[in-house]
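For what it's worth, this note's numbering labels the leading residue of the sequence shown as 1430, then goes sequentially.
Ideal placement from N, C-alpha and C gives every residue a C-beta, glycine not left out.
For clarity, every value in this text was computed on a predicted model and none was experimentally measured.
Reading through the structure tokens given below for one structure.
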Amino acid sequence: MQRILVPLASAAALVTLAGCPGEAPPPEHPTATPSLPGLPDLGGRTITVAVENNYPPFNAVRGSTGEPYGWDYDALAEICRRIHCVPQFRAVPWEGIFEALAAGSFDVAANGISVTDERDAVVDFSVPYLTVGQVLVVPFAATVDEVAEFAENPANVVGTQAGTTNETAARSLFAPDRVKTYADFDAAVAALLSGEVAGVVADNVTALRLVAARGGRIKIGPQLTSDEPLAFAFPPGSELVAPFNAALESMKQDGTLDAINQRWFRP
């Protein structure tokens, strides 16, 4: 998309993970505190943050309680702790998120957004905080060693989420009539399990979650792409880019970003 993940310094390590993060306790509603020494101070400003709330492990809502949770909630709470702000999350659809952001409908978009030239022409980005790669998810019994061999078989149709960089990757590798798009990855995996498609193109973290949730019925196949940076997106010219960058760099340096990643993307 959007949408593996690890800190940039340890991207290779996450690709090897084979589990899915458990749901962490609901995030506490943060209150603004003075910024950390040496970092910008936003004076307790409320920052509106766009998320889907349907993209675990980045963001989701517990059906039993309605409580939101995920990497985005933890990361934004820590960023705002460091630069003296309060994150206010808004659930928005993925489709149209960049146009709404460019129009100033919210201050920042989270949601595991991949940086692309096309998007960079519309919005501004923070420094990357994670690196993603696309993989092929296939039925557990399938033998898929080479992407080229899989792609050469005209019977192999793949599914993915519409309007994402996952879709872009799929269309770069497969003929247009062999790519089916779905509203979300759960629908794409349902199509995979029913035999409607032979594989699903997803990022590594999403793939880990999908595999872990389906008890050995699907597995992660070949790597399709790598080195796709993820970052927070802002309206053009936003004054929040520099403070967010400062917070992210400090989180990388003291290990906090790695700790949050381990919490949500551990085996």
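Here DSSP, grouped into helix, strand and coil, assigns residue 1694 to helix. Inter-segment contact for the region 1659 to 1669 and the region 1551 to 1570 is present: three or more beta-carbon pairs are separated by less than 8 Å. Within the DSSP secondary-structure output, residue 1489 pairs in a beta bridge with 1498. A residue is called buried once 16 or more other Cβ atoms fall within 10 Å of its Cβ, and residue 1563 is buried on that count. In the three-state reduction of the DSSP assignment, residue 1664 falls in the coil class.
Going by C-alpha positions, residue 1580 is about 27 Å away from residue 1542.
The three-state secondary structure of residue 1520, taken from DSSP, is strand.
Between residue 1632 and residue 1559, the alpha-carbon positions lie close to 12 Å from each other.
Taken in chain order, the complete alpha helix (DSSP H) segments of 4 residues or longer contained in the region 1610 to 1689 are 1614 to 1623, 1633 to 1641 and 1670 to 1682.
Only residues of its own chain outside the window of five on either side were considered, and among them 1586, 1587, 1588, 1609, 1617 and 1620 have a CB closer than 8 Å to the CB of residue 1626, listed in chain order. Taking 9 Å as the cut-off, the Cβ atoms of residue 1529 and residue 1478 do not count as close.
Excluding the 5 residues flanking it on each side, residue 1613 has same chain C-beta neighbours closer than 7 Å at 1483 and 1590, in chain order.
Between residue 1556 and residue 1677, the gap from beta carbon to beta carbon is short of 9 Å.
With respect to the 9 Å criterion, residue 1476 and residue 1537 are classified as neighbours on the basis of their beta carbons. The beta carbon of residue 1518 is closer than 6 Å to those of 1478 and 1480 in its chain, skipping five residues each way along the sequence. According to the DSSP assignment, residue 1594 belongs to the alpha helix (DSSP H) that extends over 1594 to 1602.
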